[in-house]
Amino acid sequence: MAKLNSIGLDIQKSKVLAEKLNELLADYSIFYQNVRGYHWNIKGDKFFELHDKFQELYEDLFIKIDEVAERIRTLGHTPNHKFSIYQKEAKIKESSEVADGIQDMKDTLESFKIIIILQREILDLSADAEDEGTNALMSDYISEQEKLVWMYSAYLK
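If you want it as structure tokens, here you go:
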């Protein structure tokens, strides 16, 4: 019989999940800071609409960062908290140009693509581990973000 953690999940599978969730935490953290930069520095005729949209997005990302970190703790592991680690592990990179709304939106869509792909990988791992908590979290995030990708893509057309 497999060794189980405090919530009844296989210890080794939980470790793998926590590692992947830490990757997601890194991507979310860099994405969050990028979006804060877009919000603070946006210029031009789309200022008012994009300024508000970027604020909505970074507030949502802030919540997700906390939920992912708490899920890692629930699995019995430690969430990374250092930006030096995030910068090494994240597939999303820091944005250098943050005042061009169209480019910011394109960068946002690329960040969502990276995150959704990783979340689908975590969803598969959590299903294999019979981890309904992580599974539900990823499923909710994916469906919500797919809708945002559609809306932001429509905005760019």
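Mapping of the sequence shown onto full-length UniProt numbering: position 90 corresponds to residue 90, and the numbering continues sequentially without gaps. We put the beta carbon where it would ideally sit given N, CA and C, even for glycine.
- Message: Going by DSSP, what residue range makes up the alpha helix (DSSP H) through Ile42?
- Response: Sequence index remark: in the sequence shown, residue 42 carries index 42 (1-based). Counting along the chain, Ile42 falls outside any alpha helix (DSSP H), and DSSP gives it neither H nor E.
- Query: What first and last residue would you give for the alpha helix (DSSP H) that runs through Asp52?
  - Reply: As a working mapping, residue 52 is identified with position 52 in the sequence shown. Run containing Asp52: 47-74, per the alpha helix (DSSP H) assignment.
- Query: How big is the Cα-Cα spacing for Thr78 and Asn34?
  - Reply: Taking the first residue of the sequence shown as position 1, residue 78 is located at position 78. Taking the first residue of the sequence shown as position 1, residue 34 is located at position 34. The alpha-carbon atoms of Thr78 and Asn34 are separated by roughly 24 Å.
- Which whole-angstrom value is the C-beta distance of Lys13 and Asp124, which I expect to be below 8 Å? Within the sequence shown, residue 13 is the residue found at index 13, counting from 1. Within the sequence shown, residue 124 is the residue found at index 124, counting from 1. Wrong, their Cβ atoms sit about 12 Å apart, outside the cutoff.
- Message: Let's test the definition: count the other Cβ atoms within 10 Å of the Cβ of Met151 and tell me whether it reaches 16, buried, or not, exposed.
- Response: For this step, residue 151 is matched to residue 151 along the sequence shown. Exposed, because fewer than 16 other Cβ atoms sit within 10 Å of the Cβ of Met151.
- Message: Please classify Gly44 as buried or exposed, where buried requires at least 16 other C-beta atoms within 10 Å of its C-beta.
- Response: As a first step, residue 44 is located in the sequence shown; it is residue number 44 there, counting from the start. By the 10 Å Cβ count, Gly44 comes out exposed.
- Message: Is the separation between the beta-carbon of Leu61 and that of Tyr32 shorter than 8 Å?
- Response: By 1-based counting over the sequence shown, the position of residue 61 is 61. By 1-based counting over the sequence shown, the position of residue 32 is 32. Yes. Within cutoff.
- Message: Does Ile92 pass the burial test, meaning 16 or more other C-beta atoms within 10 Å, or should it be called exposed?
- Response: As a first step, residue 92 is located in the sequence shown; it is residue number 92 there, counting from the start. With 16 or more other CB atoms across the displayed protein chains lying within 10 angstroms of its CB, Ile92 is buried.
- CB-CB under 8 Å to Asn80, same chain, minus the five flanking residues each way: which ones, in chain order? Walking along the sequence shown from the start, residue 80 turns up at place 80. Counting only Cβ-Cβ distances below 8 Å, and skipping sequence neighbours, we find Asn22, Leu25, Ala26, Tyr86, Glu89.
- Message: Tell me which residues share the same chain as Tyr155 and place their Cβ nearer than 7 Å to its Cβ, disregarding the 5 neighbours each side in the sequence.
- Response: On the sequence shown, position 155 is the one that residue 155 refers to. Excluding residues within five positions, the ones whose Cβ falls inside 7 Å are Met105.
- Task: Starting from Lys147, follow the alpha helix (DSSP H) in both directions and report where the run begins and ends.
- Result: Your numbering for residue 147 matches position 147 in the sequence shown. Where Lys147 is concerned, the enclosing alpha helix (DSSP H) stretches over 132-156.
- Sorted by chain position, which residues of the same chain lie with C-beta nearer than 7 Å to Met138's C-beta, five sequence neighbours on each side aside? As a position in the sequence shown, residue 138 is number 138, starting the count at 1. If the five residues before and after Met138 are omitted, its C-beta is found closer than 7 Å to the C-beta atoms of Gln119, Ile122, Leu123, Ser126, all from its own chain and listed in chain order.
- Item | Pairwise C-alpha distance: Lys46 and Phe131 | Position 131 of the sequence shown, counted from the start, is the residue given in the question as residue 131. Position 46 of the sequence shown, counted from the start, is the residue given in the question as residue 46. In the sequence on display, residue 131 carries Asp and not Phe. Asp131 and Lys46: Cα-Cα distance of roughly 43 Å.
- Query: Are the beta-carbon atoms of Gly133 and Arg73 separated by less than 8 Å?
  - Reply: The residue labelled residue 133 in the question sits at position 133 within the sequence shown. The residue labelled residue 73 in the question sits at position 73 within the sequence shown. If you check the CB distance, Gly133 and Arg73 do not come in under 8 Å.
- Leu4 by DSSP, collapsed to three states: which one? Locating residue 4 in the sequence shown gives position 4, counting from the first residue. Correct three-state label for Leu4: strand.
- Relative to the alpha-carbon of Thr108, which residue among Leu57, Phe48, Lys157, Lys64 has its alpha-carbon at the smallest distance? Here residue 108 is taken as the residue at index 108 of the sequence shown, counted from 1. Per the C-alpha coordinates, the member of Leu57, Phe48, Lys157, Lys64 positioned closest to Thr108 is Leu57.
- Can you give me the start and stop residues for the alpha helix (DSSP H) that Ser84 sits inside? Taking the sequence shown and counting its residues from 1, the one referred to as residue 84 is at position 84. Run containing Ser84: 83-89, per the alpha helix (DSSP H) assignment.
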